[in-house]
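Report on one structure; see the data block that follows.
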Amino acid sequence: MDYYYDLHIHSCLSPCGDSDMTPYNLVNMAALMGFDIIALTDHNTAGNCRAAQKAGEAAGITVVAGMELCTAEEVHMVCLFPEADSAEAFSAFVKTTLPPVKNKPHIFGNQYYMDEQDAILGEEEILLLTASSLTVSELPARVAEYGGFCYPAHIDRDSYSILSNLGMIDPSFGFRAVEIFDPQKTESLKVQHPILQQMKIFHSSDAHYLDKMQEPAHKITLPENTPQALLTYLQSL
9 MDYYYDLHIH SCLSPCGDSD MTPYNLVNMA ALMGFDIIAL TDHNTAGNCR AAQKAGEAAG
69 ITVVAGMELC TAEEVHMVCL FPEADSAEAF SAFVKTTLPP VKNKPHIFGN QYYMDEQDAI
129 LGEEEILLLT ASSLTVSELP ARVAEYGGFC YPAHIDRDSY SILSNLGMID PSFGFRAVEI
189 FDPQKTESLK VQHPILQQMK IFHSSDAHYL DKMQEPAHKI TLPENTPQAL LTYLQSL
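What follows is the structure, given as structure tokens:
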């Protein structure tokens, strides 16, 4: 079946995420808008994914546990996992690769852990906007160790993208998918970077605010609407 997706959404755990982007709010907004499957991809953490999945169960929408990781080259990567356990285990590992820089909420914003009813469970002290020591080339294998799949985020943007920072997508990296934020740039990017013609292209919102969540426009074909079905599909690309 075909399912409307958005595989790149942030919660209030991302310091640049709006305080209204709570697990309950973003999941129910996505359900109200008509999405079938979404992924929660906070910066360098999967700490609110379990809460979002529980909210998703109540709202009737599938939530995939994920992360937007910032590599050592300051390239943003979407990382998706088959369940919250593996995402949280990877998240714990990623935390060991981040510099011990404390967040300054008055500058960067709060980093709240919440439950599915939006009760605040705690606040992350380490700034989640910094670059991990993990490199672009090593990340796919690292993510695969936890049962996950990763691909470059918003490659059409002028910052924090693999094209803006590295200038190309090296075939040796082994990426089989990418995210393009603006669908209108897809064809021109395929001409400029022929490697994209053999890759699966996703279009997601990268929403940090409720009003930036885009209307459903892109579908993915899966045998069933589950995180595991999505990961099985991605790993077969």
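Plus 8 on top of the position in the sequence shown (first one is 1) and you've got this note's numbering.
Heads up, the beta-carbon is just placed ideally off N, CA and C, and yes, glycines get one too.
Just to confirm, are ALA161 and VAL86 a CB contact at a threshold of 8 Å? Here residue 161 is taken as the residue at index 153 of the sequence shown, counted from 1. Here residue 86 is taken as the residue at index 78 of the sequence shown, counted from 1. Against a cut-off of 8 Å, the Cβ pair of VAL86 and ALA161 comes out as a contact.
Three Cβ pairs or more, each shorter than 8 Å: is that satisfied between the stretch 136–145 and the stretch 74–82? Yes, the stretch 136–145 touches the stretch 74–82.
My understanding is that HIS16 touches ASP190, with C-beta atoms under 8 Å, so please give their C-beta distance in whole angstroms. Numbered from 1 along the sequence shown, position 8 holds the residue referred to as residue 16. Numbered from 1 along the sequence shown, position 182 holds the residue referred to as residue 190. Not a contact, Cβ separation roughly 13 Å.
For LEU238 and PRO90, I'd like the C-alpha separation in whole angstroms. Reading the sequence shown from its first residue, position 230 is the one you call residue 238. Reading the sequence shown from its first residue, position 82 is the one you call residue 90. For LEU238 and PRO90, the distance between alpha carbons rounds to 8 Å.
Report the start-end ranges of each beta strand (DSSP E) in the stretch 62–96 that is 3 residues or longer and not cut off at the edges. Fully enclosed beta strand (DSSP E) runs of 3 or longer: 70–78, 84–89.
Buried versus exposed, by CB contacts within 10 Å (16 or more), VAL71: Against the sequence shown, residue 71 aligns to sequence position 63. Classification of VAL71: buried, given that the 10 Å Cβ count is 16 or more.
Opposite MET122 in the DSSP bridges: which residues? Position 114 of the sequence shown, counted from the first residue, corresponds to residue 122. DSSP lists ILE128 as partners of MET122.
Does the Cβ-Cβ distance between ILE228 and TYR13 come in under 8 Å? The sequence position of residue 228 within the sequence shown is 220, counting from 1. The sequence position of residue 13 within the sequence shown is 5, counting from 1. Against a cut-off of 8 Å, the Cβ pair of TYR13 and ILE228 comes out as a contact.
Contacting residues, own chain, Cβ-Cβ under 7 Å from GLY68 (five flanking each side not counted): Residue numbering aside, residue 68 sits at position 60 when the sequence shown is read from its first letter. Correct list, in chain order: ALA39.
Can at least three beta-carbon pairs, one atom from the stretch 191–202 and one from the stretch 157–171, be found at a separation below 8 Å? The stretch 191–202 is in contact with the stretch 157–171.
Would you call THR104 buried or exposed, if buried means 16 or more other Cβ atoms sit within 10 Å of its Cβ? Along the sequence shown, one-based indexing puts residue 104 at 96. Exposed: under 16 other Cβ atoms inside 10 Å.
So, LEU48 versus SER27, is the Cβ gap smaller than 8 Å? On the sequence shown, residue 48 is found 40 positions in, with the first residue counted as 1. On the sequence shown, residue 27 is found 19 positions in, with the first residue counted as 1. It is not a contact, given that the beta carbons lie outside the stated cut-off.
Tell me which residues share the same chain as TYR32 and place their Cβ nearer than 7 Å to its Cβ, disregarding the 5 neighbours each side in the sequence. Residue mapping note: residue 32 aligns to position 24 of the sequence shown, counting from 1. Sequence-distant Cβ neighbours of TYR32 in its own chain, meaning closer than 7 Å and more than five residues away, are ALA63, GLU124, GLN125, ASP126.
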